[in-house]
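Enquirer: Protein chains in written order, with my numbering: chain A, 0 to 391; chain B, 16 to 344.
First the structure, then my questions, so here it is.
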């Protein structure tokens, strides 16, 4: 007799089992909410969409550092707080849901800290981690280049060995916040390209952005706003002590770094403040329950998926496939909020309006193209999922 | 894979695909292994397991298109009887929340033929109707699972006054169980489709090598992942807070709504990738896709639970949304 699935090759787990937050998370969450309520009451900032790209506020970042909410997973001996990734998750999701200005510390707190703990030398950790945890040192990401976007192995920035270090020459693009940041991790080719193994010969360097030979030029967004930069190196000297991790192991290090950035709450909360404003506009509108419920069910599910991946990362696993799924679904969801807001509320977006629905809608519409591009395009992520299922 | 999931897989692998009636051999195996009454307390002949464990078993049941009334027996009928101090009889059971009207007819009762008894939750009472006091008229859902019309011809063999709140919990339990089955069937459909894409050769290569097909299968995978994660998280929420908590009502509504939405998308992609063969009677894909189409509209459609969730959210106001989503007031 035929059997439904007995002869099938099994699919891998697509998402880890549910994660429950540790009991101490509730108190931490309450503290963060109380602080955010104070800040908003004082008019320190207003909730915005896509704050982790555009909300640069060094006062706010230092205040978070003062309260122990940056570098939470960094060990105490490096100025951090020795807590778990789930503690950081709680703080991060509260900040994003509130639309608070988190851009200044975003990259440093999310991936530079953990990467330095994994690959950094003692000297590098001492040099950067205490200032990251204090909210005083900001980082950028130097991966993409004009001819290396989704195809990151095509980077052409060259690192040439010289006395005492390396000389970097090349161009990095889309570096958010480079015009304010102190340093970034640059991925560069330190050995000639081997067409048989394109991933070999790449290395990561920690480049202080005030080094001689570094030029930073704005790449305005379509709104004209300045967040992205082109960073040009002209024989920039990087001492040996600033090589990150192992020479030639840049590819493996970078892909590990990307795992931190794929499935966090920033992958589905970029437009959450717009959703809250939309509910405010809908308070007296009949017949919208279904569409609101649809969006909320998707949001709740995404958060549980993202938490499940965070829990899995915390226990030392690397759920690459699940992280790709969360980012694909989550970033599309950020766009679905925009669609729902437009469908349910008949108010045109207004980029010059006072803070509120029309302004948030404008920000969200104009920033939306980036959601499904940054951190790996959704098409590339689906390729990862297909590979995980054995299709390629 | 968890132990309970492994046990469930080993049992469901033996389930037969042919036929539409209750799979009695499979049911006997479920009784033997304790999976048939997983969440009922030991005092009621159950295994006293968590809803998270039941979720794993039910997802496996859905994945294998198993023809057994697991949700009905364990989560609904057994619970109704036990919670009202009534003895839980052996054998497969079913349950329905309905006003037993003057004509004594119950519509669309799942698995009524083949059940040892039907538990009816009326607005005032819990009634146990033994199989020999019933006339059953066969009907089905889209997957040809029994959804029968039942005429009650004898008095209940046991009855009790319904505890307040039982109706609300019944709806949540049914939806929670259905969400697990949906998640499992979605995974089963994806699994079959990925395998087929690796075998079917067109233009000189397996169709799964084409990026257009890969992208579709990845989209289906994300829906399967969402469905499974939502259903599992809802079960975990019920384990933590109990069915009576607002967080549980929120989680179950969200999970059934999300799993229902995923069902249509997964079935669509599964059929598109299979081509015409998947659309035939001879192909097993239909066992999963017809269940996806049937189950998404049973125990409250996605539209039903979306509307309920939306009404809750709108009534609470904008600032309450985030506390509700995080379950942290």
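Even glycine gets a Cβ: it sits at the ideal position worked out from N, Cα and C.
Here the structure is a predicted model, which is why all the values come from computation and not from measurement.
Taking 8 Å as the limit between beta carbons, can you name the residues of its chain near residue 5 of chain A, skipping five residues before and five after?
Expert: Residue numbering aside, residue 5 of chain A sits at position 6 when the first chain is read from its first letter. Note on residue 5 of chain A: pLDDT 42, under 50, position unreliable in the model; the coordinate value appears next. Cβ within range, chain order: n/a, list empty.
Enquirer: Is any beta-carbon of chain A found at less than 7 Å from that of residue 237 of chain B?
Expert: Position 222 of the second chain, counted from the start, is the residue given in the question as residue 237 of chain B. Yes - at least one Cβ of chain A is within 7 Å of the one on residue 237 of chain B.
Enquirer: Is residue 38 of chain B helix, strand or coil by DSSP?
Expert: Translated into the one-based positions of the second chain, residue 38 of chain B becomes position 23. If DSSP states are grouped into helix, strand and coil, residue 38 of chain B belongs with coil.
Enquirer: Applying a beta-carbon distance threshold of less than 7 Å, which residues of chain B neighbour residue 105 of chain A?
Expert: Position 106 of the first chain, counting from 1, holds the residue named residue 105 of chain A. Result: empty, since nearest Cβ-Cβ is about 20 Å, beyond 7 Å.
Enquirer: Can you find a C-beta in chain A that's less than 7 Å from the C-beta of residue 128 of chain B?
Expert: Taking the second chain and counting its residues from 1, the one referred to as residue 128 of chain B is at position 113. Closer than 7 Å: no.
Enquirer: Just tell me which of A:249, A:83, A:342, A:373 has its CA closest to the CA of residue 330 of chain A.
Expert: Your numbering for residue 330 of chain A matches position 331 in the first chain. Nearest option by C-alpha distance: A:373.
Enquirer: Using a Cβ-Cβ cut-off of 7 Å, state whether residue 36 of chain A counts as contacting chain B.
Expert: Locating residue 36 of chain A in the first chain gives position 37, counting from the first residue. Taking 7 Å as the threshold, the shortest C-beta distance from residue 36 of chain A to chain B does not fall below it.
Enquirer: Give me the Cβ distance between residue 230 of chain B and residue 378 of chain A, rounded to the nearest whole Å; I'm assuming they're in contact under 8 Å.
Expert: Residue 230 of chain B sits at position 215 when you count from the first residue of the second chain. Residue 378 of chain A sits at position 379 when you count from the first residue of the first chain. Confirmed, about 7 Å.
Enquirer: For residue 0 of chain A, decide whether its Cβ has a neighbour in chain B, counting only Cβ atoms nearer than 7 Å.
Expert: Counting from 1 along the first chain, the entry for residue 0 of chain A is found at position 1. With a pLDDT of only 37 at residue 0 of chain A, under the threshold of 50, the placement of this residue in the model should not be trusted; the figure read from the coordinates follows. Yes - at least one Cβ of chain B is within 7 Å of the one on residue 0 of chain A.
Enquirer: For the region 227-263 of chain A, list the beta strand (DSSP E) runs that are entirely contained and at least 3 residues long, ordered along the chain.
Expert: Uninterrupted beta strand (DSSP E) stretches at least 3 residues long and entirely within the region 227-263 of chain A occur at 227-238, given in chain order.
Enquirer: Less than 6 Å between C-beta atoms, sequence neighbours within five positions excluded: which residues of the same chain meet that for residue 130 of chain A?
Expert: Taking the first residue of the first chain as 1, we reach residue 130 of chain A at position 131. Take residue 130 of chain A, set aside five residues on each side of it, and the residues of its chain with a beta-carbon closer than 6 Å to its own are 136, in chain order.
Enquirer: Find the nearest neighbour of residue 211 of chain A within the set A:144, A:166, A:75, judged by alpha-carbon distance.
Expert: The residue given as residue 211 of chain A occupies position 212 in the first chain. Looking at the Cα atoms, A:166 is the closest of the given residues.
Enquirer: Starting from the C-beta of residue 198 of chain A, find all residues in its chain whose C-beta is less than 6 Å away, skip the five residues before and the five after it, and write them out in chain order.
Expert: One-based indexing of the first chain puts residue 198 of chain A at position 199. Result list for residue 198 of chain A: 152, 250, in chain order.
Enquirer: Does the beta carbon of residue 290 of chain B sit closer than 7 Å to a beta carbon anywhere in chain A?
Expert: Walking along the second chain from the start, residue 290 of chain B turns up at place 275. Not one chain A Cβ lies under 7 Å of residue 290 of chain B.
Enquirer: Rounded to a whole number of angstroms, what is the C-alpha to C-alpha distance between residue 247 of chain A and residue 181 of chain A?
Expert: Working through the first chain from its first residue, we reach residue 247 of chain A at position 248. Working through the first chain from its first residue, we reach residue 181 of chain A at position 182. Their backbone Cα atoms lie some 25 Å apart in a straight line.
Enquirer: Given that residue 255 of chain B touches chain A, what residues does it touch there, using C-beta distances under 9 Å?
Expert: As a working note, residue 255 of chain B is residue 240 in the second chain. Chain A residues near residue 255 of chain B: 19.
Enquirer: According to DSSP, is residue 150 of chain B helix, strand or coil?
Expert: As a first step, residue 150 of chain B is located in the second chain; it is residue number 135 there, counting from the start. Residue state, collapsed to three classes: strand.
Enquirer: Under 7 Å between beta-carbons, which chain A residues line up against residue 273 of chain B? List them in chain order, please.
Expert: As a working note, residue 273 of chain B is residue 258 in the second chain. Chain-order list of chain A residues neighbouring residue 273 of chain B: 296, 297, 300, by C-beta distance under 7 Å.
Enquirer: In three-state terms, what does DSSP make of residue 262 of chain B?
Expert: Here residue 262 of chain B refers to the residue found at position 247 of the second chain. Reduced to three states, the DSSP call for residue 262 of chain B is helix.
Enquirer: Is it true that the CB of residue 267 of chain B sits closer than 7 Å to the CB of residue 249 of chain B?
Expert: Here residue 249 of chain B refers to the residue found at position 234 when the second chain is read from its first residue. Here residue 267 of chain B refers to the residue found at position 252 when the second chain is read from its first residue. Yes; because the gap between Cβ atoms is below 7 Å, this pair is in contact.
Enquirer: Alpha carbon to alpha carbon, how far is residue 127 of chain B from residue 234 of chain B?
Expert: Here residue 127 of chain B refers to the residue found at position 112 of the second chain. Here residue 234 of chain B refers to the residue found at position 219 of the second chain. Answer to the nearest angstrom: the Cα atoms are 37 Å apart.
Enquirer: Can you tell me which residues form a DSSP beta bridge with residue 207 of chain B?
Expert: Position 192 of the second chain holds residue 207 of chain B. Bridge partners of residue 207 of chain B: none, in fact.
Enquirer: Could you tell me if residue 363 of chain A is buried or exposed, where buried requires 16 or more neighbouring beta carbons within 10 angstroms of its beta carbon?
Expert: By 1-based counting over the first chain, the position of residue 363 of chain A is 364. It is buried - the Cβ of residue 363 of chain A has at least 16 other Cβ atoms within 10 Å.
Enquirer: Using a Cβ-Cβ cut-off of less than 8 Å, list which residues of the region 334-359 of chain A approach chain B; keep chain order.
Expert: none
Enquirer: Considering only the alpha carbon of each residue, which of B:109, B:158, B:183, B:251 lies closest to residue 69 of chain B?
Expert: Counting from one through the second chain, the residue named residue 69 of chain B turns up at place 54. Closest by alpha carbon: B:251.
Enquirer: May I ask you to report which of helix, strand or coil DSSP gives residue 12 of chain A?
Expert: Position 13 of the first chain, counting from 1, holds the residue named residue 12 of chain A. Look at residue 12 of chain A here: in three-state DSSP terms it is coil, with no helix or strand label.
Enquirer: If the cut is a Cβ gap below 7 Å, which residues of chain B does residue 288 of chain A touch?
Expert: For this step, residue 288 of chain A is matched to residue 289 along the first chain. Ordered by position in chain B, the residues that pass the 7 Å Cβ test against residue 288 of chain A are 322, 325, 326, 329.
Enquirer: Flag residue 385 of chain A as yes if its beta-carbon sits less than 7 Å from any beta-carbon of chain B, otherwise no.
Expert: In the first chain, counting from the first residue as 1, residue 385 of chain A sits at position 386. Yes, because at least one Cβ of chain B sits closer than 7 Å to the Cβ of residue 385 of chain A.
Enquirer: What first and last residue would you give for the beta strand (DSSP E) that runs through residue 324 of chain A?
Expert: Position 325 of the first chain holds residue 324 of chain A. No beta strand (DSSP E) contains residue 324 of chain A, which is instead part of the alpha helix (DSSP H) from 319-343.
Enquirer: With a threshold of 8 Å on Cβ separation, who are the neighbours of residue 99 of chain A within its own chain once the five nearest residues in sequence on each side are excluded?
Expert: Working through the first chain from its first residue, we reach residue 99 of chain A at position 100. Cβ neighbours of residue 99 of chain A beyond the five flanking positions: 35, 38, 44, 46, 50, 54, 59.
Enquirer: Rounded C-beta distance between residue 232 of chain A and residue 218 of chain A? I'm assuming under 8 Å.
Expert: As a first step, residue 232 of chain A must be located in the first chain, where it is residue number 233. As a first step, residue 218 of chain A must be located in the first chain, where it is residue number 219. Cβ atoms of residue 232 of chain A and residue 218 of chain A stay farther apart than 8 Å, at about 16 Å.
Enquirer: Does the region 47-58 of chain B come close enough to the region 348-368 of chain A that 3 or more CB-CB pairs lie under 8 Å?
Expert: no
Enquirer: Between which two residues does the beta strand (DSSP E) harbouring residue 111 of chain A extend?
Expert: Sequence index remark: in the first chain, residue 111 of chain A carries index 112 (1-based). Counting along the chain, residue 111 of chain A falls outside any beta strand (DSSP E), and DSSP gives it neither H nor E.
Enquirer: At 3 residues or longer, what runs of the beta strand (DSSP E) sit wholly inside the region 60-113 of chain B?
Expert: 108-112
Enquirer: Hey, residue 63 of chain B and residue 52 of chain B: beta-carbon distance below 7 Å or not?
Expert: Mapped onto the second chain, residue 63 of chain B falls at position 48. Mapped onto the second chain, residue 52 of chain B falls at position 37. No, the pair does not count as a contact, with Cβ atoms beyond the cut-off.
Enquirer: Nearest-angstrom Cα distance between residue 186 of chain B and residue 315 of chain B?
Expert: Here residue 186 of chain B refers to the residue found at position 171 of the second chain. Here residue 315 of chain B refers to the residue found at position 300 of the second chain. Residue 186 of chain B and residue 315 of chain B: Cα-Cα distance of roughly 8 Å.
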